[in-house]
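Notes to accompany the following structure.
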Amino acid sequence: MIVALLGYMGSGKSTVGKELATTLACTFLDLDDFIEKQEKQSVTDLFQTKGHVEFRKIEAKAVQNICRIYVDLVLSLGGGTPCYGNTMQFLNQHPNVNTVYLKLSVKNLTNRLILEKSKRPLIANVNDADLSEFIAKHLFERSNFYNQAKLSISADDQSVDQIVAEIANDLDEYNF
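Residue 28 in numbering that gives the first Met the number 0 is what sits at position 29 of the sequence shown, and the numbering runs on without skipping anything.
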């Protein structure tokens, strides 16, 4: 089974994903890392050199390749991955993939992201005072895609271990 974690940047996809992979005794893969190895360029450089549309095409193809190559995997998607092309539809229709939305409040996302803006090209130039509004707008735009996930986990006020346990229990309970 492939567990595809999705959610806004800063929602904990990579952190939770690594722990979940340990719990499920499978491999963890970050989509951005996979793309960077395949393309031999950082995601930031790909955005700059190839543009947004071409990057999303590369990303969609990478997701399809990963689903073809791997059987047991926890995959951390990029924040925008489910929102372009037919990627979310592809993931939800794939018989070996379970999508999990890590849902956090705008307040908690803002508190996390304000400390790491310089590492996040999408928000690097957003004023601190405007960050919460920026995140809220993005979440609204992406919510239709995020809410299509087979499972939705509220990650507010939960530790990584609690989130991992909830996902593992839900996967077991719903026979995923």
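Note that the Cβ used here is the ideal one computed from N, Cα and C, for glycine as well.
Take residue i and list the residues in its own chain whose beta-carbon comes closer than 6 angstroms to its own, dropping the five residues that flank it on each side.
{"i": "Q37", "result": "none"}
{"i": "A135", "result": "V105"}
Within its chain, find whatever has a CB closer than 8 angstroms to the CB of residue i; leave out the 5 residues flanking it on each side and keep chain order.
{"i": "S10", "result": "G78, L101, K102, L103, L108 and A154"}
{"i": "S117", "result": "A123"}
Are the beta-carbon atoms of residue i and residue j separated by less than 7 angstroms?
{"i": "V62", "j": "L4", "result": "no"}
{"i": "M8", "j": "R119", "result": "yes"}
{"i": "C73", "j": "V2", "result": "It is worth fixing the name first, because residue 73 is Val in this sequence and not Cys. Contact: yes."}
{"i": "S75", "j": "G6", "result": "no"}
{"i": "S131", "j": "V105", "result": "yes"}
{"i": "D31", "j": "V42", "result": "yes"}
{"i": "E18", "j": "V163", "result": "yes"}
{"i": "F33", "j": "L45", "result": "no"}
{"i": "D127", "j": "I113", "result": "yes"}
Residue i: which of the options sits nearest, CA to CA?
{"i": "N146", "options": "G50, I162 and Q88", "result": "Q88"}
{"i": "A59", "options": "T22, P81, S151 and N91", "result": "P81"}
{"i": "P94", "options": "D44, V70 and E115", "result": "V70"}
{"i": "S151", "options": "H137, A135, A20 and N168", "result": "N168"}
{"i": "V96", "options": "D171, T22, K149 and L23", "result": "K149"}
{"i": "N91", "options": "F144, I122 and F139", "result": "F144"}
{"i": "G84", "options": "F133, H51 and I134", "result": "H51"}
{"i": "T14", "options": "K56, T48, Q161 and K49", "result": "Q161"}
What do you get for residue i, buried or exposed, if any count of 16 or more other CB atoms within 10 angstroms of its CB means buried?
{"i": "D156", "result": "exposed"}
{"i": "I166", "result": "buried"}
{"i": "R67", "result": "exposed"}
{"i": "T26", "result": "exposed"}
{"i": "H137", "result": "buried"}
{"i": "A24", "result": "exposed"}
{"i": "A20", "result": "buried"}
{"i": "K39", "result": "exposed"}
{"i": "T86", "result": "buried"}
Please work out which residues of its chain come closer than 7 angstroms, Cβ to Cβ, to residue i, disregarding the five sequence neighbours upstream and downstream, and give them in chain order.
{"i": "E35", "result": "S41 and V42"}
{"i": "T22", "result": "V163 and A167"}
With a threshold of 7 angstroms between beta carbons, is residue i in contact with chain C?
{"i": "V105", "result": "Among the protein chains of the structure shown there is no chain C, as only one such chain exists."}
Would you list, in sequence order, the uninterrupted beta strand (DSSP E) runs of no fewer than 3 residues that lie entirely inside the region 35 to 111? 72 to 75 and 96 to 102
**Length at least 3, wholly inside the region 127 to 161: the beta strand (DSSP E) runs in chain order** = 150 to 153
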